[in-house]
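Undergrad:
Quick look at the structure:
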């Protein structure tokens, strides 16, 4: 979201496996700000990661790279990385690595 001056924001996330509610009181003295909240579930994370490993196996790929923003969104992506490591144990023939999205963007640009 975005805020300028005094703002109040409410966010409610409803899923079949969890419900999250957030209240934000923002008082910005001089400038406009933007904010973002990340929410991931273990179940959803595992589903996405397992899909990547299954796709790699199906296509005969030797490596799966987890690309994230764990250097900034530490809580969200610590769960992501934990699940990635856990699922990876089931695919011992596939190498794994982690990379920050900023670095991957530069690699793709080069």
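In my numbering, the protein residues as written are 19 to 128.
Note that beta-carbon positions come from the ideal geometry of N, C-alpha and C, so glycine has one too.
Identify the residues that DSSP records as bridge partners of residue 113: which are they?
TA: Paired residues: 81.
Undergrad: Report, in whole angstroms, the separation of the C-beta atoms of residue 122 and residue 90, which I expect to be a contact under 8 angstroms.
TA: With a Cβ gap of about 14 angstroms, residue 122 and residue 90 do not count as contacting.
Undergrad: Residues bridged to residue 86 by DSSP?
TA: DSSP lists 118 as partners of residue 86.
Undergrad: Let's see if you can read the secondary structure: which residues bound the alpha helix (DSSP H) around residue 103?
TA: That run of the alpha helix (DSSP H) goes 92 to 106.
Undergrad: Hey, out of 79, 72, 94, whose CA is closest to residue 105's CA?
TA: When each option's Cα is compared against that of residue 105, the closest is 72.
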